[in-house]
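293 is the number that our numbering gives the last residue of the sequence shown; the numbers go up by one with no jumps.
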Amino acid sequence: MRTHILPVFLFMAIALLSASPSAANQLLVGTATADITPEGPVALRGQFHLRISKTVETPLSAGVVALESRNGDQTLDAAVMVACDLIAISDDVRRMVREEVAKRVAGLAPAKIFFSGTHTHTAPVLDPGSFVLPKEGVLPIEQYRAFLVARLADAIAEAWNGRAPGSVTWGLGHAVVAYNRRAVYADGSARMYGATNVPEFRGIEGYEDHDVNTLFFWNAEGSLAAVAINVACPSQVVEGRSTINADYLPTERAVRGGSYSAIVQSNLVGPEGGQVLVDKTVAAIDAVFVPRE
Numbered sequence: 001m002r003t004h005i006l007p008v009f010l011f012m013a014i015a016l017l018s019a020s021p022s023a024a025n026q027l028l029v030g031t032a033t034a035d036i037t038p039e040g041p042v043a044l045r046g047q048f049h050l051r052i053s054k055t056v057e058t059p060l061s062a063g064v065v066a067l068e069s070r071n072g073d074q075t076l077d078a079a080v081m082v083a084c085d086l087i088a089i090s091d092d093v094r095r096m097v098r099e100e101v102a103k104r105v106a107g108l109a110p111a112k113i114f115f116s117g118t119h120t121h122t123a124p125v126l127d128p129g130s131f132v133l134p135k136e137g138v139l140p141i142e143q144y145r146a147f148l149v150a151r152l153a154d155a156i157a158e159a160w161n162g163r164a165p166g167s168v169t170w171g172l173g174h175a176v177v178a179y180n181r182r183a184v185y186a187d188g189s190a191r192m193y194g195a196t197n198v199p200e201f202r203g204i205e206g207y208e209d210h211d212v213n214t215l216f217f218w219n220a221e222g223s224l225a226a227v228a229i230n231v232a233c234p235s236q237v238v239e240g241r242s243t244i245n246a247d248y249l250p251t252e253r254a255v256r257g258g259s260y261s262a263i264v265q266s267n268l269v270g271p272e273g274g275q276v277l278v279d280k281t282v283a284a285i286d287a288v289f290v291p292r293e
């Protein structure tokens, strides 16, 4: 989050590098990616009504970055960031992943593992009891959850066991990714996705955060190993579909591509309740943003 998450990550990275005054301090970095795409139809989180996925339009993934600050053979501090193409990470899933990691990895305190979701509305439900599912034609929520926990635990173990000397840098850029989505009316009310072609429309509620905050993790050879990208925009472009879709992030990853295609990407969603990526094609503009007479 621009005002919370990124400063925490920056503070964490600085703390890991400066936990002791000794010049021998070293930062170790490990990375991994997990494919968390469900292997069958699942219930989707993000709407009040039940949706069952009919197809996979894009895969879902999780990016893992493991950090450890050391002074010789002594561990000074550690942290593992796990960013998932999910609406959020439930308390139960967080607990279960930490328990599984403890079985696979020695020397990593479970509380040092923390999670984030990209807030896509076309990813699986994680909480049993959220919906009454059909008896056939859909994976039980518990079955996908067990699959997810195993995949995340394996990726965390891979990242932690693969950590090696590295470094971290940060950057700040700007891109118009999200637009404010709340219309304000003459009576003082505001509505998300409210009509703008009515006489009582007075304007867009305002404030758009176009910052793109980044953390770059490098190996000892100076090659980029992972990047954490923080944009104040949820993954809600295709939020109403009955499909598996990581939303706009796969497009962003594909654009990155080329020599950077093997880099682990950790997507962090900043505070963005009032803004979203909007389809600005002519057809969409004509359909929604019709000028008032």
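We put the CB at the ideal spot given by N, CA and C, even for glycine.
Item, Value
"Got a sec? Which residues, its chain only, sit under 6 Å from residue 157 by beta carbon, not counting five neighbours each side?", "104 and 105"
"So, at 6 Å on beta carbons, what are the nonlocal neighbours of residue 42 in its own chain, with the 5 sequence-adjacent residues on each side left out?", "53, 124, 139 and 144"
"What is the rounded straight-line gap between the Cα of residue 180 and the Cα of residue 275?", "4 Å"
"In chain order, what residues of the same chain have a beta carbon less than 7 Å from the beta carbon of residue 193, not counting five sequence neighbours either side?", "181"
"How would you write the range of the beta strand (DSSP E) that residue 156 sits in, first residue to last?", "Taken as a continuous stretch (DSSP letters only), residue 156 belongs to no beta strand (DSSP E), being part of the alpha helix (DSSP H) at 141-161."
"Going along the chain, which residues of its own chain have a beta-carbon closer than 6 Å to the beta-carbon of residue 89, five neighbours each way excluded?", "115 and 117"
"Quick check: what's the CA-CA separation for residue 350 versus residue 45?", "In the structure as shown, the chain begins at 1 and stops at 293. Residue 350 is therefore absent and cannot be evaluated."
"Would you kindly work out how many angstroms separate the C-alpha atoms of residue 177 and residue 72, rounded to a whole number?", "43 Å"
"Which of the three DSSP states, helix, strand or coil, is assigned to residue 68?", "strand"
"In whole angstroms, what separates the C-alpha of residue 183 from that of residue 131?", "32 Å"
"DSSP has residue 185 in a bridge; who is on the other side?", "201"
"Determine the DSSP secondary structure at residue 109, reduced to helix, strand or coil.", "coil"
"Below 7 Å CB to CB, which residues in the same chain sit around residue 128 once its five sequence neighbours on both sides are set aside?", "141 and 142"
"Tell me the DSSP secondary structure of residue 191 in three-state form.", "strand"
"For the beta strand (DSSP E) holding residue 32, just list the boundary residues, first then last.", "25-35"
"Indicate whether the contact test is met: 3 or more Cβ pairs, each with one atom in the region 215-227 and one in the region 199-207, closer than 8 Å.", "no"
"Based on the DSSP secondary-structure assignment, which residues constitute the bridge partners of residue 179?", "276"
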